[in-house]
Amino acid sequence: YGRSRGAGHSRGTRTRYVTAVTCSSPSGSSQGTGVRGVQVPGLRLLLLNARSVVNKAPLVRDLILDEEADLACITETWLGQEGGVPLTEMCPDGFQVLHQPRHQGRGGGVAVIVRGSLAPRRIPAPEIVGCESLLLRLDLKVQP
């Protein structure tokens, strides 16, 4: 998906870094399920600064599938309000894509591609001038 050009290099793609992140128990949070015996699955997360997905959509889709990601967050989509073909091409079967474009100016935009079984629901988020964001609620419950 890319090659490294050395530490600190700011142009081009860099070598991928994949880190395992453990999921904390919902019982330790203020919004826990309150149901004993409910397991919280680990999620495979992917974060990608695409710097335009227009000509990279198939590569993004392949990366999601190769890394077996459950949730992929894409920054700098550089897509307009309509999203278009790149959004469809990035989204593997069984996934949903949500997109928030930059309303003014060039560049920007964020997208989240999430496994449909997580039942993603978009939640209204406060608007901040010059900042695109998506707020989602996911169903992480897995019955024993």
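Oh and the sequence shown: position 67 is 59 in the working numbering, straight run, nothing missing.
Heads up, the beta-carbon is just placed ideally off N, CA and C, and yes, glycines get one too.
In this model, Ala117 and Leu63 are separated by some 19 Å (Cα to Cα). Under the three-state reduction of DSSP, Arg53 is assigned to helix.
A contact between stretches requires three or more CB pairs, one per stretch, nearer than 8 Å, and the stretch 100 to 116 meets this requirement with the stretch 57 to 77.
Secondary structure at Leu126: coil, using DSSP grouped into helix, strand and coil.
Burial is judged here by how many other beta carbons sit within 10 angstroms of a residue's own beta carbon; Gln96 has fewer than 16 and is exposed.
Put simply, the backbone Cα of Ser109 is about 30 Å away from that of Ile120. Residue environment for Cys83: buried (at least 16 other C-beta atoms within 10 angstroms of its C-beta). For Val89, the three-state secondary structure derived from DSSP is strand. Judged by DSSP in its simplified three-state form, Val102 adopts strand. In terms of CA proximity to Phe87, Arg53 leads the group Gly122, Asn47, Arg53.
Measuring C-alpha to C-alpha distances from Val106 to each of Leu57, Trp70, Lys48 identifies Leu57 as the nearest. Of Arg94, Glu124, Leu130, the smallest CA-CA separation from Ala111 is found for Leu130. For Leu132, the three-state secondary structure derived from DSSP is coil. DSSP places Thr69 in no alpha helix (DSSP H); its state is neither H nor E. The closest CA to that of Arg94, considering only Lys48, Val45, Ser125, is found on Ser125.
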